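Colleague: First the structure, which I've put down as structure tokens, then a few questions once you've had a look.
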């Protein structure tokens with residue numbers, strides 16, 4: 008068996024509360040235990056070939072017990088009760104890490120994940136962008152619905168997608184080096200000055216920008232000003248950009 012899927016444990020119509028009795032499934036590559044009542048990451052040590060692990064919407068409080076999962080590529084632990092990023096040092100092949108809708112306060116302990124391509128941390132309690140500099144292969148960063156005030160500490164990265172929707176950001180800064188950035192999402196922030204658009208105008212591949220529900224979007228010439236400043240722009244706030252007047 009290479010794949011096992013028990014979301015909501017529909018087979019026996021009863022939610023799983025503990026990960027157990029998987030020791031013999033040594034060839035398992037994908038495990039889905041989403042939408043159960045699991046409280047602890049355990050019973051996975053023999054699953055050394057596991058590549059994808061989905062345990063979203065459970066009651067897990069700590070990332071642990073993954074030391075032997077060195078082939079893991081995709082880890083989904085969203086909508087749990089996790090308070091800290093930890094226990095991933097040996098999971099060096101992770102490419103996509105999903106930790107949204109938890110109680111995480113700090114971005115940390117990710118330096119060993121050099122193959123990471125996508126990091127998703129929306130709906131947490133993060134107030135600072137930090138400890139990202141070693142993730143040089145990362146292409147997508149999702150940090151919406153946190154308490155972030157400043158765009159910072161992205162040096163050395165080569166992002167293509169940056170999602171900062173629903174934060175407390177007042178200024179677009181420190182992203183002019185992201186020459187391959189195509190998507191910049193910052194709706195529902197506090198951005199108010201057209202000078203911030205100059206930072207976006209330095210990004211030659213930028214094609215999608217979201218700034219709606221920011222103060223800047225209420226200005227009379229907002230849409231045309233942004234379109235004129237960013238020649239590569241194709242969509243602004245979900246509306247396509249047509250030929251400039």
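In the numbering used here, the protein residues as written are 8 to 252.
Glycine included, every Cβ here is placed at the ideal spot set by N, Cα and C.
Quick caveat: nothing in here was measured; it's all calculated off a predicted structure.
Could you tell me the distance, in whole angstroms, from the CA atom of residue 193 to the CA atom of residue 111?
Modeller: Against the chain shown, residue 193 aligns to sequence position 186. Against the chain shown, residue 111 aligns to sequence position 104. Cα to Cα, residue 193 sits roughly 21 Å from residue 111.
Colleague: Tell me whether residue 252 is buried or exposed, calling it buried when 16 or more other Cβ atoms sit within 10 Å of its Cβ.
Modeller: Along the chain shown, one-based indexing puts residue 252 at 245. The predicted model places residue 252 with a pLDDT of 46, which falls under 50 and marks its position as unreliable; any figure quoted below should be read in that light. By the neighbour-count rule (16 or more Cβ atoms within 10 Å), residue 252 is not buried but exposed.
Colleague: Cα-Cα, which of 240, 120, 204, 158 is closest to residue 145?
Modeller: Reading the chain shown from its first residue, position 138 is the one you call residue 145. That would be 120, whose Cα lies nearest to the Cα of residue 145.
Colleague: Between residue 139 and the rest of its own chain, which residues show a CB-CB distance below 7 Å, the 5 nearest in sequence each way excluded?
Modeller: Here residue 139 refers to the residue found at position 132 when the chain shown is read from its first residue. So the list reads 114, 160, 161, 164, once near-sequence residues are dropped.
Colleague: Along the chain, which unbroken stretches of the alpha helix (DSSP H) at least 4 residues long are found entirely within the segment 179-222?
Modeller: You should have 204-208.
Colleague: On the criterion of 16 or more Cβ atoms from any shown chain inside 10 Å, does residue 83 qualify as buried, or is it exposed?
Modeller: Along the chain shown, one-based indexing puts residue 83 at 76. Classification of residue 83: buried, given that the 10 Å Cβ count is 16 or more.
Colleague: If I'm right that residue 124 touches residue 102 with Cβ under 8 Å, what's the distance once you round it to whole angstroms?
Modeller: Along the chain shown, read from residue 1 onward, the residue named residue 124 stands at position 117. Along the chain shown, read from residue 1 onward, the residue named residue 102 stands at position 95. That belief holds up - the Cβ atoms of residue 124 and residue 102 are roughly 5 Å apart, short of 8 Å.
Colleague: Within the same chain, show all residues whose beta-carbon is closer than 8 Å to that of residue 178, passing over the 5 residues directly before and after it, in chain order.
Modeller: As a working note, residue 178 is residue 171 in the chain shown. Correct list, in chain order: 157, 158, 198, 200, 203.
Colleague: Count the other C-beta atoms from every protein chain shown that fall within 10 angstroms of the C-beta of residue 18, then say buried if there are 16 or more, exposed otherwise.
Modeller: Numbered from 1 along the chain shown, position 11 holds the residue referred to as residue 18. A caution first: residue 18 carries a pLDDT of 42, below 50, which makes its placement in the model too unreliable to give a value.
Colleague: If we count the other Cβ atoms within 10 Å of its Cβ and call it buried at 16 or more, is residue 12 buried or exposed?
Modeller: Here residue 12 corresponds to residue number 5 of the chain shown, with the count starting at 1. Looking at its Cβ environment, which holds fewer than 16 other Cβ atoms inside 10 Å, residue 12 is exposed.
Colleague: So, at 7 Å on beta carbons, what are the nonlocal neighbours of residue 78 in its own chain, with the 5 sequence-adjacent residues on each side left out?
Modeller: Translated into positions along the chain shown, residue 78 becomes position 71. Cβ neighbours of residue 78 beyond the five flanking positions: 55, 56, 57, 58, 100.
Colleague: If you drop the 5 nearest sequence neighbours on each side, which residues of the same chain put their C-beta closer than 6 Å to that of residue 105?
Modeller: Stepping through the chain shown from its first residue, residue 105 is reached at position 98. Once the five neighbours on either side are set aside, the close Cβ partners of residue 105 are 83, 85, 127.
Colleague: At the level of alpha carbons, what is the spacing between residue 226 and residue 195?
Modeller: As a working mapping, residue 226 is identified with position 219 in the chain shown. As a working mapping, residue 195 is identified with position 188 in the chain shown. Near 15 Å, if we compare the C-alpha coordinates of residue 195 and residue 226.
Colleague: Could you name the residues that DSSP lists as bridge partners for residue 61?
Modeller: To locate residue 61, count along the chain shown from 1; it is residue 54. 39, 83.
Colleague: Tell me the rounded alpha-carbon separation between residue 238 and residue 249.
Modeller: Within the chain shown, residue 238 is the residue found at index 231, counting from 1. Within the chain shown, residue 249 is the residue found at index 242, counting from 1. About 11 Å.
Colleague: Measure the beta-carbon distance from residue 230 to residue 240 and round it to whole angstroms, keeping in mind my assumption that it falls under 8 Å.
Modeller: Numbered from its first residue, the chain shown carries residue 230 at position 223. Numbered from its first residue, the chain shown carries residue 240 at position 233. Residue 230 to residue 240, Cβ: 10 Å. No contact.
Colleague: Taking the alpha carbon of residue 64 as the point to measure from, which residue in 215, 87, 182, 29 has its own alpha carbon closest?
Modeller: Residue 64 sits at position 57 when you count from the first residue of the chain shown. Here the closest residue by C-alpha is 87.
Colleague: Quick check: is the beta carbon of residue 228 nearer than 9 Å to any beta carbon in chain B?
Modeller: No chain B is part of this structure, which consists of one protein chain only.
Colleague: Is residue 90 near the ligand SAM, in the sense that its beta carbon is under 8 Å from a heavy atom of that ligand?
Modeller: By its list of ligands, the structure shown contains no ligand whatsoever, and the ligand SAM lies outside what it can speak to.
Colleague: Relative to the alpha-carbon of residue 174, which residue among 136, 76, 181 has its alpha-carbon at the smallest distance?
Modeller: One-based indexing of the chain shown puts residue 174 at position 167. Looking at the Cα atoms, 136 is the closest of the given residues.
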